[in-house]
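Have a look at the structure below, then the notes.
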Amino acid sequence: MLIQMVKPAPNELKPILVFDSGIGGLTVLREARLLMPERGFIYVSDDAGFPYGRWEEAPLKARVIDVFRDLLERYDPEAVIVACNTAFTLVGAELREAFPAMRFIGTVPAIKPAAERTRSGLVSVLATPGTVRRAYTRDLIQSFASQCHVRLVGSENLARMAEAYIRGETLDDEAVRAEIAPCFVEKDGARTDIVVLACTHYPFLANVFRKLAPWPVDWLDPAEAIARQARRLVPLVEDAEHPDGFDFAVFTSGRQDFPTRRLMQGMGLAVSEQPAIALA
Numbered sequence: 003m004l005i006q007m008v009k010p011a012p013n014e015l016k017p018i019l020v021f022d023s024g025i026g027g028l029t030v031l032r033e034a035r036l037l038m039p040e041r042g043f044i045y046v047s048d049d050a051g052f053p054y055g056r057w058e059e060a061p062l063k064a065r066v067i068d069v070f071r072d073l074l075e076r077y078d079p080e081a082v083i084v085a086c087n088t089a090f091t092l093v094g095a096e097l098r099e100a101f102p103a104m105r106f107i108g109t110v111p112a113i114k115p116a117a118e119r120t121r122s123g124l125v126s127v128l129a130t131p132g133t134v135r136r137a138y139t140r141d142l143i144q145s146f147a148s149q150c151h152v153r154l155v156g157s158e159n160l161a162r163m164a165e166a167y168i169r170g171e172t173l174d175d176e177a178v179r180a181e182i183a184p185c186f187v188e189k190d191g192a193r194t195d196i197v198v199l200a201c202t203h204y205p206f207l208a209n210v211f212r213k214l215a216p217w218p219v220d221w222l223d224p225a226e227a228i229a230r231q232a233r234r235l236v237p238l239v240e241d242a243e244h245p246d247g248f249d250f251a252v253f254t255s256g257r258q259d260f261p262t263r264r265l266m267q268g269m270g271l272a273v274s275e276q277p278a279i280a281l282a
């Protein structure tokens with residue numbers, strides 16, 4: 003389905019742009035739409051660059067800035083939700099510096115609420131290798147969880163597994179179990195009781211994680227908190243109507259298979275036939 007990409011008309015509310023490296027940000031989009039029904043949404047997947055966890059920092063930072071330069075000019079959103087821990091922990095400050103007029107709502111590991119909720123004091127952060135490496139993540143631990151034992155677990159494979167799973171593919175239980183096993187720590191008679199899902203892809207697998215976990219834990223999904231922050235920052239306009247021409251999804255590769263199209267349609271999103279950006 004070919005859709006026309008235009009900026010909102012003067013009498014329409016500007017849309018909210020939700021950005022992720024793949025389709026993991028749909029977990030955040032779902033919550034944001036519930037809290038901001040008067041806004042249109044544009045979902046952008048940088049699937050041409052997926053997965054971000056394999057990138058070196060400098061080229062990934064340059065790529066994300068280039069992507070946003072195009073997106074903000076093209077769609078003129080009211081605000082941007084960066085629904086990707088790897089991207090925002092790396093380049094969030096640079097995005098705000100490069101585009102000071104834009105509201106950016108970031109996604110960072112939910113370490114502070116985990117530290118507030120844990121009873122055992124043993125918390126694990128399940129993330130991509132990129133998020134685990136970030137000084138930003140370690141600063142969060144130092145600031146909010148210094149009294150806890152926090153284990154950082156960087157998975158090379160779970161983001162891809164989650165994308166496959168949400169498209170209807172079957173996963174091997176043992177492969178998933180191997181990815182989450184390092185999250186479970188026993189120390190001085192205590193056990194891990196909270197695992198932070200520090201990648202927006204991972205909540206798609208939450209029920210699988212619960213089934214395979216060696217003991218029950220709280221799998222902390224930050225999507226609702228991100229949506230609440232977006233609602234606080236985006237003006238609520240009384241009697242506003244949802245604008246025409248939204249909601250739609252854009253993929254930087256310009257290629258979407260049938261399961262992806264079906265998934266987007268199930269989320270109420272039309273699919274653009276054109277790539278979001280033209281990168282060399």
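When the letters of the sequence shown are read in order and numbered with the working numbering, they come out as residues 3 to 282. Don't be surprised by glycine CBs; every beta carbon is placed ideally from N, CA and C.
Counting only runs that start and end inside the region 89-153, the beta strand (DSSP E) elements of at least 3 residues fall at 105-107 and 124-129. Pro-53 counts as buried, since no fewer than 16 other beta carbons sit within 10 angstroms of its beta carbon.
The alpha-carbon separation between Val-239 and Pro-39 amounts to approximately 11 Å.
Rounded to whole angstroms, the gap between the alpha carbons of Phe-250 and Val-273 is 6 Å.
Look at Gly-156 here: in three-state DSSP terms it is strand. Shortest Cα-Cα distance from Thr-139 to any of Glu-181, Leu-92, Ala-161 and Asp-174 involves Leu-92. With a threshold of 16 other beta carbon atoms within 10 Å, Ala-103 falls short and is exposed. Around the C-beta of Phe-211, 16 or more other C-beta atoms lie within 10 Å, and the residue is accordingly described as buried. Annotated as distal: Phe-186 and Pro-224, with beta-carbon spacing of 8 Å or more. Non-local beta-carbon contacts of Ala-50 in its own chain, meaning distances under 6 Å to residues more than five positions away in sequence, involve Thr-254 and Ser-255 in chain order. Counting only runs of at least 4 residues, the region 159-240 fully encloses the following alpha helix (DSSP H) elements, listed from N- to C-terminal order: 160-168, 175-182, 208-214 and 225-235. Closest option to Ile-168, judged by alpha-carbon separation, among Gly-24, Glu-181, Arg-257 and Glu-14: Gly-24. Annotated as distal: His-151 and Lys-114, with beta-carbon spacing of 8 Å or more. Taking the Cα of Pro-17 as reference, the smallest distance to any Cα among Ser-47, Pro-61, Glu-80 and Trp-57 is reached at Glu-80. Between Gln-267 and Ala-192, the alpha-carbon positions lie close to 45 Å from each other. Going by C-alpha positions, Arg-257 is about 21 Å away from Trp-57.
Excluding its 5 nearest sequence neighbours in each direction, Asp-175 has C-beta neighbours in its own chain below 7 Å: Leu-214, listed in chain order.
The Cβ atoms of Gly-55 and Thr-88 lie closer than 8 Å to each other. The residue among Met-269, Ala-229, Pro-245 and Leu-271 with its C-alpha nearest the C-alpha of Gly-42 is Pro-245. Assignment of Phe-260 by DSSP, reduced to helix, strand and coil, places it in the helix class. In terms of Cβ geometry, Val-125 and Ala-117 form a close pair [threshold 8 Å].
Around the Cβ of Pro-218, a 10 Å sphere holds fewer than 16 other Cβ atoms; the residue is exposed.
Burial is judged here by how many other beta carbons sit within 10 angstroms of a residue's own beta carbon; Phe-70 has at least 16 and is buried.
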